[in-house]
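Structure first, then comments.
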Amino acid sequence: MASNNQGNQGGKSNRGFASMDPQRQREIASEGGRAAHEKGTAHEFTSEEAREAGRKGGMARSANRRAAMGGQNGGGSHASGSNSGNSHSGGGSE
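If you're matching positions, the sequence shown starts at 191 in my numbering and goes up one per residue.
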C-alpha cells in the first residue's frame with residue numbers, strides 16, 4: 191500500500207521538529223536545557239572557554255568574508271595587484 195506522505199507534493203513534511211511553530215520549538219529546547227541543568231550534565235562555559243570560542247568564531251567569520259570578497263589579502267586599502275606592473279609587461283628592451 192502507498193505511504194501516507196504520498197499526497198504531500200510540496201516537498202515539506204508536516205512532521206518533525208523543523209516543521210513546528212518556532213515558539214513550540216523554543217519551549218521544547220528550553221525543557222531540554224532545564225533537564226540537563228537539573229541532571230548536572232549541562233556545560234557551563236568558563237570565561238576562558240567563552241573567550242576562546244569567541245576568538246575562533248571571529249577568525250572563521252573573517253576567513254569567510256575574505257573568501258567571499260575573492261581574495262585573502264587581509265582587506266587593506268592598497269590595490270589588489272590587478273593593475274600593478276602593467277607598464278613593465280610585454281616586449282622587453284629593443
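Each residue gets a CB set at the ideal place from its N, CA and C atoms; glycine is no exception.
- request: Flag G248 as yes when its Cβ comes closer than 6 Å to any non-hydrogen atom of the ligand FMN, and as no otherwise.
  value: With respect to the ligand FMN, the structure shown offers nothing to examine, as it has no ligands at all.
inquiry  = In whole angstroms, give me the CA-to-CA distance for R224 and T231.
reply    = Sequence index remark: in the sequence shown, residue 224 carries index 34 (1-based). Sequence index remark: in the sequence shown, residue 231 carries index 41 (1-based). Each residue's alpha carbon lies about 10 Å from the other.
Discussion item. Starting from G223, trace the alpha helix (DSSP H) in both directions and tell me its first and last residue.
Written reply: Translated into positions along the sequence shown, residue 223 becomes position 33. G223: member of the alpha helix (DSSP H) spanning 212–229, first to last residue.
### Task
Let me know the secondary structure DSSP gives N204 once reduced to three states.
Position 14 of the sequence shown, counted from the first residue, corresponds to residue 204. Coil, per DSSP.
Give the DSSP-derived three-state secondary structure of E239 in the structure shown. Here residue 239 refers to the residue found at position 49 when the sequence shown is read from its first residue. In this structure, E239 counts as helix in the three-state DSSP scheme.
Helix or strand or just coil, what does DSSP make of G247?
Locating residue 247 in the sequence shown gives position 57, where the first residue counts as 1. If DSSP states are grouped into helix, strand and coil, G247 belongs with the helices.
Q. Helix, strand or coil: how does DSSP classify A177 here?
A. Outside the shown range of the chain, which is 191 to 284, sits residue 177, and nothing can be said about it.
Checklist entry - For A232, which of helix, strand or coil comes out of DSSP? => result Counting from one through the sequence shown, the residue named residue 232 turns up at place 42. The answer is coil: DSSP assigns A232 none of H, G, I, E or B.
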